[in-house]
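Residue numbers 1 to 432, in my numbering, belong to the letters of the sequence shown in order.
I have placed the structure first, in the form of structure tokens, so that the comments after it can refer back to it.
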Amino acid sequence: MTAFSLFHRPSFAGKLQMIDDDATCAALLAAMFAFSSRFRPYVPGRFAPADFHRMADHWIEAAQQRISDTTPSLPLLQAMTLNTFMHLTRGAKGTAWRALGLLVRMAYEMELHLVDVSGMVIDDAWVENEERRRLWWAIWELDVFASTVRRLPNAIDWQLNRTLLPVDDDAWFARQPQVSCFLLPDPSDRWKALVSSGTSSAKAWFIVLNSIMRSIQLLVCPSTPIIDSAASRDVQSHLVILGNCLYCTELHIPSCWAYDGRRLDFRRKTTVDSPDRIESQIYSIYIMIQLSKLMLHYRDVFNVSLPDPLESSGSADVQIPSSGLSWERFADRPSWQAYLEAAENILQIVTNSSPNHIMYVNPFLTTTIWFATAVFLVHRHLGTSEGSLERQVVQSKYDLLRSIVSKSMEFWNISPILATKFKILETELDRL
Numbered sequence: 001m002t003a004f005s006l007f008h009r010p011s012f013a014g015k016l017q018m019i020d021d022d023a024t025c026a027a028l029l030a031a032m033f034a035f036s037s038r039f040r041p042y043v044p045g046r047f048a049p050a051d052f053h054r055m056a057d058h059w060i061e062a063a064q065q066r067i068s069d070t071t072p073s074l075p076l077l078q079a080m081t082l083n084t085f086m087h088l089t090r091g092a093k094g095t096a097w098r099a100l101g102l103l104v105r106m107a108y109e110m111e112l113h114l115v116d117v118s119g120m121v122i123d124d125a126w127v128e129n130e131e132r133r134r135l136w137w138a139i140w141e142l143d144v145f146a147s148t149v150r151r152l153p154n155a156i157d158w159q160l161n162r163t164l165l166p167v168d169d170d171a172w173f174a175r176q177p178q179v180s181c182f183l184l185p186d187p188s189d190r191w192k193a194l195v196s197s198g199t200s201s202a203k204a205w206f207i208v209l210n211s212i213m214r215s216i217q218l219l220v221c222p223s224t225p226i227i228d229s230a231a232s233r234d235v236q237s238h239l240v241i242l243g244n245c246l247y248c249t250e251l252h253i254p255s256c257w258a259y260d261g262r263r264l265d266f267r268r269k270t271t272v273d274s275p276d277r278i279e280s281q282i283y284s285i286y287i288m289i290q291l292s293k294l295m296l297h298y299r300d301v302f303n304v305s306l307p308d309p310l311e312s313s314g315s316a317d318v319q320i321p322s323s324g325l326s327w328e329r330f331a332d333r334p335s336w337q338a339y340l341e342a343a344e345n346i347l348q349i350v351t352n353s354s355p356n357h358i359m360y361v362n363p364f365l366t367t368t369i370w371f372a373t374a375v376f377l378v379h380r381h382l383g384t385s386e387g388s389l390e391r392q393v394v395q396s397k398y399d400l401l402r403s404i405v406s407k408s409m410e411f412w413n414i415s416p417i418l419a420t421k422f423k424i425l426e427t428e429l430d431r432l
């Protein structure tokens, strides 16, 4: 699994045998198989991923009923995290949304947000504490994704977070303690803390980028409309600051995780740092940078909040540039050029990745591919003329990214609302 690394592989078999509750053990194994069985051809008569997913739901509920008022175990929360992750890939609503809320509450109950409240301690418990850190940050990622999609407040309080960011897998598996840092409240300090710590952990850098993206999204998608001009200017100033933070973070990403236009083959190996894992991390970091840029310029481009592709049941929820501004003048705006550049960058890394790469990257990133695809759809309708060669070029870009979205939806069983959104958006554009 490349999206999250929750288990200390060298000691996992032994720890599995130490789980004293059968329901918890069954829940954990079922949640793992719900994920891993996707990578094996389906054989009629054998369990499919959906079967394991239902088993995980059943045994998680059974294990929760058994613990009553006692503190939940780490294996139970690991099972719940994997299972909630799979629920969220199908849509951040209903069962998935409520399961995430319970997961966060139980994580707080276990004080996973305070693993390093006394500072980093390098002792015999470091390996076990790192496992707790990884679980906490996986839950944090689920929360950021769901809250961003739903355009609702985070369930996790970022101000009360004294758990260090994850270190490299190879160091953890080898039981070699590494220095890390906290995710600081001020976005301007986050990249500085990473640089000062000297960490090269891809997950740590991804989390910081993810946090910047979320901070931007909270500004461009406020819970209440901003009607005061002074408040609007403040928002713009904060966006400038976050844009600079994003630039500095991208500038300091370790070279081993920086995308340089190379081909990403995602070839499977058996080593810890196998090509599929390394390339997944490079891909994820680059995609998150581009999503942050899309968020950063969206307010100036469309002057409305971003669409929530997993949660709309009515209109496309994608606004079109104001008809009062000609396309020629609109297309020359720096914000649109930056917006289009981010979409082109996403197209570049997708086309430079093997066709099956969607199997080895976090399915949450599919929503970002969706955004880029929507950009090309808008560009095709408003920025090119009927029958022109330029329109054919833009159409081909749209077709390529839409095919990737469709393939990812099929493999990960992602909510069909993404496909519906394309149709609604295209209908709205045809009316212009």
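Where is the CB? At the ideal position from N, CA and C, for every residue including glycine.
Would residue i be called buried (16 or more neighbouring beta carbons within 10 Å of its own) or exposed?
i	result
A125	exposed
G324	Residue confidence for G324 is low, a pLDDT of 49 falling below 50, so the modelled location carries little weight; the figure read from the coordinates is stated next. Result: exposed.
L160	exposed
D69	exposed
R175	exposed
A230	exposed
N356	exposed
I282	buried
C256	exposed
P185	exposed
Q236	exposed
P44	exposed
T427	exposed
I241	exposed
N433	Outside the shown range of the chain, which is 1 to 432, sits residue 433, and nothing can be said about it.
Can you give me the Cβ contacts of residue i inside the same chain, cut-off strictly under 6 Å, excluding the 5 residues immediately before and after it?
i	result
A433	The shown model of the chain, from 1 to 432, leaves out residue 433, and the question about it has no answer.
P254	S200
M55	A30
P436	With the chain running from 1 to 432 in the structure shown, residue 436 is simply not present.
V301	S335, W336, Y339
Look at the alpha carbon of residue i and the alpha carbon of residue j, and state the distance between them as a whole number of angstroms.
i	j	result
L429	T420	14 Å
V115	V104	15 Å
S354	T148	28 Å
G198	Y339	32 Å
E390	P334	21 Å
R46	R40	11 Å
Q217	D20	43 Å
L28	M86	13 Å
E279	L400	21 Å
S406	T373	11 Å
I369	I346	7 Å
A471	F422	Coverage of the chain is limited to positions 1 through 432, which leaves residue 471 absent and any answer about it impossible.
A155	A107	11 Å
E344	G261	12 Å
G91	I414	7 Å
W412	Q17	30 Å
C248	I424	37 Å
V144	P153	9 Å
L442	R380	Nothing about residue 442 can be read from this structure; the chain reaches only from 1 to 432.
P34	A331	Rather than Pro, the amino acid found at residue 34 in this sequence is Ala. For A34 and A331, the distance between alpha carbons rounds to 46 Å.
E341	A13	47 Å
L365	N352	16 Å
Does residue i come out as helix, strand or coil in the three-state DSSP assignment?
i	result
L160	coil
S353	strand
L264	strand
G198	coil
F182	coil
S313	Unreliable placement is indicated for S313, whose pLDDT of 42 sits below 50; no coordinate value is reported for it.
Q176	coil
M213	helix
T2	coil
I424	helix
P115	This sequence places Val at residue 115; Pro is not what is there. The answer is coil: DSSP assigns V115 none of H, G, I, E or B.
I289	helix
N345	helix
C221	coil
D123	coil
E386	coil
F39	helix
S415	coil
Skipping 5 residues on each side, what residues in its chain have a beta carbon closer than 7 Å to that of residue i?
i	result
F173	H8, R9, P10, V272
T71	E109, M110
L112	R132, L135, W136, T163
I404	V350, I358, I369
Can you list, in chain order, the residues of its chain whose CB lies under 8 Å from that of residue i, leaving out five sequence neighbours each side?
i	result
P416	M409
L164	V115, D116, M120, R133, S180, C181, F182
A48	S37, Y42
V394	F376, H379, R380, G383, T384
F206	Q281, S284, I285, M288
Please determine whether the Cβ atom of residue i lies at a distance below 6 Å from any heavy atom of the ligand GDP.
i	result
D260	You won't find the ligand GDP in this model; it holds no ligand whatsoever.
Task: Whole runs of the beta strand (DSSP E) within the segment 51 to 109, excluding any shorter than 3 residues - done: You should have found no qualifying run.
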